[in-house]
Structures are given as structure tokens and as C-alpha cells.
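Numbering (this note's numbering), first residue to last: 34 to 117. All remarks here apply to the structure that follows.
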Amino acid sequence: MEENKNKIWWKPAVEIFSEISTWIVVPIILAVIGGKALDQRYGTKPYLLLALAGLAFLISSYGIIKAVKKFIEKTKEEVKKNKN
């Protein structure tokens, strides 16, 4: 069992990296695609793109904070479990 723990020491790092990366990339890509399309449709270049990019930034910030809090709680639980 100890060997198995040593083999996957990198797993939590990959999990948090992928979750935070997703929270950054997805809202920004959707904002850029949607903003460009809406700006082209309504002739408001670049205002809707900038507005959606700002909204994407807020969404990304919220998601990152949520993911980090979850990771901290999970780490605290593991530390408590290992102390016992």
C-alpha cells in the first residue's frame, strides 16, 4: 500500500492544475467567441467583447477561489487523518 501512495504523489497537483486551468480557459474562450459574434451582429465592436471578457474574468476569479478553498479543505482533512 505504501508503494501505491508513493507512485501517485503527483495526482493532487495535476487535479488542482487542471481544475484551475479549466476555470481560466473556458470562460475566456467563450467570452471571446461570443463577444466577437455579438459585436459583429450588433456593430458594437469592441464593447460587447470587452464586457464579456470582464464577466469571464469575474467568473474565472470565483471559480479559482472556489477550487482553492476546496483543495485547502481536502488537504486539511488529509493532514488530520494522517495525524491519527
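For glycine and all other residues, C-beta sits at the position ideal for the given N, C-alpha and C. A quick note: this is a predicted structure, and the numbers were derived from the prediction, not measured.
If you draw a straight line from the Cα of residue 114 to the Cα of residue 88, it comes to about 39 Å. Per the C-alpha coordinates, the member of 48, 61, 47 positioned closest to residue 94 is 61. Residue 81 and residue 40 have their C-alpha atoms some 48 Å from each other.
Annotation for residue 44: the continuous alpha helix (DSSP H) segment containing it runs 44 to 75. For residue 115, the enclosing alpha helix (DSSP H) has its first and last residue at 80 to 116. Closest in alpha carbon position to residue 54, among 111, 67, 98, 65, is 98. Nearest C-alpha to residue 85 among 116, 67, 56: 67.
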